[in-house]
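One structure below.
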Amino acid sequence: MKETFVDRLKEIALLDRCGESFLRGVKIPFAVIGLRRIGKTELLLRFKKRNKRKFLIPYVNMQQANASPDVFLEEVLISLFKEIGESQGENWIFGGSKREQILSASAVLGETYHFQALKYLRTLETGNYIDMIETSFLAPEELGKLYGKKVIFILDEFQDLLELQHFRIKPLGIMRSVVEKQKNVLYIVSGSLISFMEKIITDKSLPFFNQFQILRLGMFNKQDTIKFVKLLLGEDVEKNVLEEIYQYTLGHPFYTRSICERLLLESITHKMDRNLVKYAVVKETLDKDGKINILFRYIYEESLERVRRRGHLKRILRLLAETEGMNLTEISRGLRKPTGQINNYMKGLLNTDIVFQMEGRYYFRDKLFRYWVAKTELGKDIAVFHETYHELISELMEKYLRVSTELGIAKEYEIREKLSKLLNMKLSSYTTPDGQIEFDIYGKIGNREVVGEIKWRNRQVDVKLLQKFVEKAKVLFDDAELYYVSKEGFTSEAKEYATSKNVRMLQEEDL
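In structure tokens, the structure reads:
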């Protein structure tokens, strides 16, 4: 686990600060959102390990607890009694059914805990699903009070709680009605379905509107990807190998680890150079035994498992894999289907979170996954050999990883949306009619105009870039407010220049 935290010091410090505030009586619930295998669970378990002496920190993965309300309650109770037992030095060695484990563990902890366990388990016998969900969220407060510690309840893959809606209940509403009264339980949730998680937290019609601080877990930057690779491969890795790995993974920790593991295996018989990195990327992504391929196959099958008309969605995914950024009209033309019908299909596809919509066009969230869709035709087995990978790798770089910024158009859209909320005005991109001048940020309300640029790269913005931006902006918008958003900040010279020209400098944490 240690290696995975090369680039998570800021995030773990933020959660630690959240815990410190909770001890003082200030509750700051957090929602950790990010792509699959980006490191969310590792972050949460690291936080749990660091803070287990201060709190009871039960952990429940909703993918293992979403079968029914009674299964959810059992998982919550097992997690709670296990946490209390481990805090007292007890090992969890109980066998049998989940209910038998709960009874055995509570008996070891003492008569009072055993009585509570019997009370909770009687709820299962009633068959009342609402009572089961209520009990699941009442138990942490009651058992924490009994033990004398505050509780931080971690719910991983939180969006799967909504699977319990199949039992004709509203789990989010039930949860909110219980937890809003609690003083000694803090909730930290996480989720991989980004748009779905955002909806749960930002949709004003849903119970948890504006109740969580959002912590977005992104890719490693270049510097920390290199640190991570050196931890896996050793300090003597050649610079061009490090550069090549980052170029193809864009800092995704799971992809980076998978490719490094392949390099370790292949370097027994082949020189570890840029060509071997390229082979490892194709092997891991497309070969039937590649770890990235296995992950992508799981994501695809799991994402479309509950979606109707899977055949049509497969065709849409293949079409978007070949030509990303299509709108409804273009997709309907490509599939020879009515636009209204395609619109219904796209609603289902958006719910899978494989793709997202921006300004009427559709994009893959993960460019390497897009490449996998195109080349495997959604899961067809491919055998990759040293003699056959060259054409595949050149196409990957030329077509699928060719982006104007490291995180691409999706990151630009995310930054613009955050700034929109900060400034309380609608922002979009701007291009002059002749197409000669472009701005990443533009908005106007009355006489107020805002113009800005976003630079999402792994080095600081220098004074030359700022000068170019100011000169370009002044040509079209003499009195506009100027904003510049940079991933890695600004050089000291750039800061002086920005101050003199009234350019507001921002980084993601400022938003």
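Okay, so the sequence shown: first residue is 852 according to the numbering used here, each after it adds one.
C-beta atoms are modelled at their ideal positions from N, C-alpha and C, and glycine is treated no differently.
A quick note: this is a predicted structure, and the numbers were derived from the prediction, not measured.
Proximity winner among Val1336, Leu1327, Ala882, relative to Asp1291 (alpha-carbon distances): If you number the sequence shown from 1, residue 1291 lands on position 440. If we check each option's Cα against that of Asp1291, Val1336 comes out closest.
Rounded Cβ spacing between Phe1147 and Ile1003 (contact assumed at less than 8 Å): Here residue 1147 is taken as the residue at index 296 of the sequence shown, counted from 1. Here residue 1003 is taken as the residue at index 152 of the sequence shown, counted from 1. Rounded, the Cβ-Cβ distance is 33 Å, inconsistent with contact.
Tyr910 versus Asp1007, Leu954, Ala956, residue with shortest Cα-Cα distance: Position 59 of the sequence shown, counted from the first residue, corresponds to residue 910. Minimum Cα distance to Tyr910 is reached at Asp1007.
Own chain residues within Cβ distance below 8 Å of Glu1228, not counting five before or after: Position 377 of the sequence shown, counting from 1, holds the residue named residue 1228. Hits under 8 Å: Arg1169.
Beta-carbon spacing of Ile908, Phe932 below 9 Å: Taking the first residue of the sequence shown as 1, we reach residue 908 at position 57. Taking the first residue of the sequence shown as 1, we reach residue 932 at position 81. Cβ atoms of Ile908 and Phe932: not closer than 9 Å.
Cβ contact check for the segment 1116–1125 and the segment 1190–1204: 3 or more pairs under 8 Å: no
As assigned by DSSP and simplified to three states, the class of Ser1280: Here the question's residue 1280 lines up with position 429 in the sequence shown. If DSSP states are grouped into helix, strand and coil, Ser1280 belongs with the strands.
As assigned by DSSP and simplified to three states, the class of Glu1086: On the sequence shown, position 235 is the one that residue 1086 refers to. Three-state DSSP puts Glu1086 in coil, outside helix and strand.
The segment 1191–1199 touching the segment 1077–1092, judged by at least three CB pairs closer than 8 Å: no
Bridge partners - Glu1181, DSSP secondary structure assignment: To locate residue 1181, count along the sequence shown from 1; it is residue 330. Partner(s): none; Glu1181 has no beta bridge.
Test item: CB-CB of Tyr980 and Pro920 under 9 Å: Here residue 980 is taken as the residue at index 129 of the sequence shown, counted from 1. Here residue 920 is taken as the residue at index 69 of the sequence shown, counted from 1. Cβ distance < 9 Å, so Tyr980 and Pro920 count as in contact.
Per DSSP, the bridge partner or partners of Lys1295: Within the sequence shown, residue 1295 is the residue found at index 444, counting from 1. DSSP, once it has assigned bridges, lists Glu1300 as partnering Lys1295.
Strand pairing of Ser1041, partner residues [DSSP]: Looking up residue 1041 in the sequence shown gives position 190. The partner list for Ser1041 (beta bridge, DSSP) reads Val883.
Same chain, Cβ closer than 8 Å to Ser1154, neighbours up to 5 away in sequence not counted: Locating residue 1154 in the sequence shown gives position 303, counting from the first residue. Cβ neighbours of Ser1154 beyond the five flanking positions: Thr1203, Asp1204, Ile1205.
Alpha-carbon to alpha-carbon, Ile1052 and Gln1064: For the purposes of this step, residue 1064 is identified with residue 213 of the sequence shown, where counting begins at 1. For the purposes of this step, residue 1052 is identified with residue 201 of the sequence shown, where counting begins at 1. Rounded to the nearest angstrom, the two C-alpha atoms are 9 Å apart.
Cβ separation of Tyr1106 and Leu1219, assumed to be a contact under 8 Å, to the nearest whole Å: As a working mapping, residue 1106 is identified with position 255 in the sequence shown. As a working mapping, residue 1219 is identified with position 368 in the sequence shown. That belief holds up - the Cβ atoms of Tyr1106 and Leu1219 are roughly 7 Å apart, short of 8 Å.
9 Å Cβ cutoff met for Arg901 and Ile863: Walking along the sequence shown from the start, residue 901 turns up at place 50. Walking along the sequence shown from the start, residue 863 turns up at place 12. For Arg901 and Ile863, yes; Cβs fall inside 9 Å.
Coarse secondary structure for Met1070, derived from DSSP in three states: Taking the sequence shown and counting its residues from 1, the one referred to as residue 1070 is at position 219. Three-state result, Met1070: coil.
Integer Cβ distance of Phe906 from Lys1001, believed to fall under 8 Å: Residue numbering aside, residue 906 sits at position 55 when the sequence shown is read from its first letter. Residue numbering aside, residue 1001 sits at position 150 when the sequence shown is read from its first letter. Phe906 to Lys1001, Cβ: 5 Å. Contact.
Residues near Ala990 by beta carbon distance below 7 Å, same chain, minus five either side: Taking the first residue of the sequence shown as position 1, residue 990 is located at position 139. Result list for Ala990: Val927, Leu928, Leu931, Tyr971, in chain order.
Distance between Ile1045 and Arg1166 (C-alpha atoms, nearest Å): Walking along the sequence shown from the start, residue 1166 turns up at place 315. Walking along the sequence shown from the start, residue 1045 turns up at place 194. If I take the Cα positions, the gap works out to 23 Å.
Neighbourhood of Leu1258 by C-beta, 6 Å cutoff - its chain only, sequence neighbours within 5 removed: Position 407 of the sequence shown, counted from the start, is the residue given in the question as residue 1258. Low confidence applies to Leu1258: its pLDDT is 45, below 50, so where it sits in the model is not reliable, and the reading given next is rough at best. The answer, listed in chain order, is Trp1307.
Ser948 burial status per 10 Å Cβ neighbour count (16 or more: buried): Here residue 948 is taken as the residue at index 97 of the sequence shown, counted from 1. Per the 10 Å Cβ criterion, exposed.
Counted within 10 angstroms of its Cβ, other Cβ atoms place Gly870 as buried (16 or more) or exposed: Here residue 870 refers to the residue found at position 19 when the sequence shown is read from its first residue. Buried, since its Cβ has 16 or more Cβ neighbours within 10 Å.
For Leu1258, the three-state DSSP class (helix, strand or coil): Numbered from 1 along the sequence shown, position 407 holds the residue referred to as residue 1258. A caution first: Leu1258 carries a pLDDT of 45, below 50, which makes its placement in the model too unreliable to give a value.
Distance CB(Leu1243)-CB(Leu1137) smaller than 9 Å: Translated into the one-based positions of the sequence shown, residue 1243 becomes position 392. Translated into the one-based positions of the sequence shown, residue 1137 becomes position 286. Against a cut-off of 9 Å, the Cβ pair of Leu1137 and Leu1243 comes out as a contact.
Top-ranked residue by Cα proximity to Leu860, from Phe881, Gly890, Val877, Ile879: To locate residue 860, count along the sequence shown from 1; it is residue 9. Closest by alpha carbon: Gly890.
Nearest neighbour of Ile1039, chosen from Ile1025, Glu1347, Phe1059, Ser1028 [CA to CA]: Residue mapping note: residue 1039 aligns to position 188 of the sequence shown, counting from 1. Out of Ile1025, Glu1347, Phe1059, Ser1028, Phe1059 has the C-alpha closest to the C-alpha of Ile1039.
Own chain residues within Cβ distance below 7 Å of Val1088, not counting five before or after: If you number the sequence shown from 1, residue 1088 lands on position 237. Excluding sequence neighbours, Val1088 sits near Val1080, Lys1081.
Length at least 3, wholly inside the segment 1300–1352: the beta strand (DSSP E) runs in chain order: 1332–1337
Proximity to Gln1311 [Cα-Cα], best of Ala1331, Gly1042, Tyr1293, Ser1343: If you number the sequence shown from 1, residue 1311 lands on position 460. It is Ser1343.
Beta-carbon contacts of Asn1178 that lie in its chain and below 8 Å, excluding the five residues immediately before and after: As a position in the sequence shown, residue 1178 is number 327, starting the count at 1. Cβ neighbours of Asn1178 beyond the five flanking positions: Gly1211, Arg1212, Tyr1213.
Cα-Cα separation, Lys1226 to Glu1173: The count along the sequence shown starts at 1 and reaches residue 1226 at position 375. The count along the sequence shown starts at 1 and reaches residue 1173 at position 322. Approximately 10 Å between the Cα atoms of the pair.
N-terminal and C-terminal residue of the beta strand (DSSP E) that Met983 is part of: The residue given as residue 983 occupies position 132 in the sequence shown. No beta strand (DSSP E) contains Met983, which is instead part of the alpha helix (DSSP H) from 980–998.
Close-in-space but distant-in-sequence residues of the same chain around Val1133 (CB under 6 Å, 5 per side omitted): Counting from one through the sequence shown, the residue named residue 1133 turns up at place 282. So the list reads Val1235, Tyr1240, Leu1243, Ile1244, once near-sequence residues are dropped.
DSSP-derived helix/strand/coil call for Asp1140: As a working note, residue 1140 is residue 289 in the sequence shown. DSSP places Asp1140 in coil when its eight states are reduced to three.
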